[in-house]
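The working numbering applies: residue 1 is where the sequence shown begins, and numbers increase by one.
Every residue, glycine too, gets a C-beta built ideally from N, C-alpha and C.
For reference, the structure discussed in these notes is given below.
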Amino acid sequence: MKKYAFLLLLSLQLLFGCRHETTEIEKFDGFFRECVADTIKIATIHDPEATDRLINGKAIPVIFYHLFEFPRELKEYQTDSSKIFVDAYGKIKTGDRIGYLIHFYSLESRVPHFICLYFYDKNTGKMGLPEIVDYSYGAEGTESYIQSWFCDLNKDGNKDLLKRVYSCNLIGSDAKVNFVDTLTVKLWEDGRFKETIPGNCKQLKEGFIVDNQCLCCEPVE
Numbered sequence: 001m002k003k004y005a006f007l008l009l010l011s012l013q014l015l016f017g018c019r020h021e022t023t024e025i026e027k028f029d030g031f032f033r034e035c036v037a038d039t040i041k042i043a044t045i046h047d048p049e050a051t052d053r054l055i056n057g058k059a060i061p062v063i064f065y066h067l068f069e070f071p072r073e074l075k076e077y078q079t080d081s082s083k084i085f086v087d088a089y090g091k092i093k094t095g096d097r098i099g100y101l102i103h104f105y106s107l108e109s110r111v112p113h114f115i116c117l118y119f120y121d122k123n124t125g126k127m128g129l130p131e132i133v134d135y136s137y138g139a140e141g142t143e144s145y146i147q148s149w150f151c152d153l154n155k156d157g158n159k160d161l162l163k164r165v166y167s168c169n170l171i172g173s174d175a176k177v178n179f180v181d182t183l184t185v186k187l188w189e190d191g192r193f194k195e196t197i198p199g200n201c202k203q204l205k206e207g208f209i210v211d212n213q214c215l216c217c218e219p220v221e
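Encoded structure:
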């Protein structure tokens, strides 16, 4: 009888001892849904043209905030989240890495809206620095937008990053227009995005258009 009891106890120890304990990053990963579309457009949640399969919208609990840095403009909210919402927007795969897209927003008009991309660093056990892939802010006389797309620009099988910045400001008593419209291309190389200067900048701008257009001014030709 003692022999059978010992064998039963040993079996239970082996059974529970081999059970996988979910790590913190695995729990964090569980909030995000992956999108496998060829071209992934990152835009505001309410944008009907955004990649619907990517949008998740699950709130990330405060206990996970230590894994990633808030955007510089939102640093004050990292330890006081009462006025900020932080959602799991989605995740993408490029190369052999998973990128996490986190959506930061507030009901206060003075707080800009962000979607940032983070890659997990196994060496530090935390996310790397945020890459802003979507941004919107508007106030009297000034509007700014960032919009991004992930797609394989150089046909190497990995998703690259194309980012557009569009903004305008009214300056001085005569309301002089300061208009900015730039395009940034980052190709995936050696496990990270590397900025490059595209030779077909005009064609890319025509193919990847920012949805939001500044209302306070029009571009000056």
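- The beta carbon of Asn169 is closer than 7 Å to those of Gly141, Thr142 and Asn178 in its chain, skipping five residues each way along the sequence.
- Minimum Cα-Cα distance from Glu206 among the listed residues Trp188, Phe193, Arg192 and Leu162 corresponds to Leu162.
- Annotation for Asp160: no alpha helix (DSSP H) segment contains it, though the beta strand (DSSP E) segment containing it runs Asp160 to Ile171.
- Counted as a single uninterrupted DSSP element, the beta strand (DSSP E) harbouring Lys186 occupies residues Lys176 to Glu189.
- A check of alpha carbon separations from Asp190 across Asp96, Tyr120, Ser109 and Phe104 identifies Asp96 as the nearest.
- Going by C-alpha positions, Thr22 is about 16 Å away from Phe32.
- In the three-state scheme derived from DSSP, where H, G and I count as helix and E and B as strand, Gly207 is classed as helix.
- For Phe104, there is no enclosing alpha helix (DSSP H); the residue is found in the beta strand (DSSP E) stretching over Arg97 to Tyr105.
- In this structure, Phe85 lies near Phe104, with their beta-carbon atoms less than 9 Å apart.
- Boundaries of the beta strand (DSSP E) harbouring Asp87: Phe85 to Thr94, taken from the DSSP string.
- About 4 Å separates the Cβ atoms of Val133 and Ser148, confirming a contact at the 8 Å cut-off.
- Proximity of the segment 63-70 to the segment 146-160 falls short of the contact definition, fewer than three beta-carbon pairs being nearer than 8 Å.
- For Asp29, the enclosing alpha helix (DSSP H) has its first and last residue at Glu24 to Asp29.
- Nearest to Leu183 by alpha-carbon distance, out of Glu34, Phe208, Lys176 and Phe193, is Phe208.
- In terms of Cβ geometry, Ala88 and Leu107 do not form a close pair [threshold 9 Å].
- Taking a contact as a CB-CB distance under 8 Å, the pair Ala43 and Asp152 does not count as one, their CB atoms being some 19 Å apart.
- A Cβ-Cβ contact shorter than 9 Å links Trp188 with Thr94.
- Inclusion of Gly99 and Leu117 in the CB contact set at 9 Å is warranted, their separation being smaller than that value.
- In this structure, Val185 lies near Leu204, with their beta-carbon atoms less than 9 Å apart.
- Its chain contains Tyr118, Phe119 and Asp121 as the residues whose beta carbon lies nearer than 7 Å to that of Gly128, once the 5 sequence neighbours on both sides are disregarded; these appear in chain order.
- The alpha-carbon separation between Ser136 and Lys176 amounts to approximately 22 Å.
- Using a 10 angstroms sphere on the CB of Ile115, the tally of other CB atoms reaches 16 or more, which defines it as buried.
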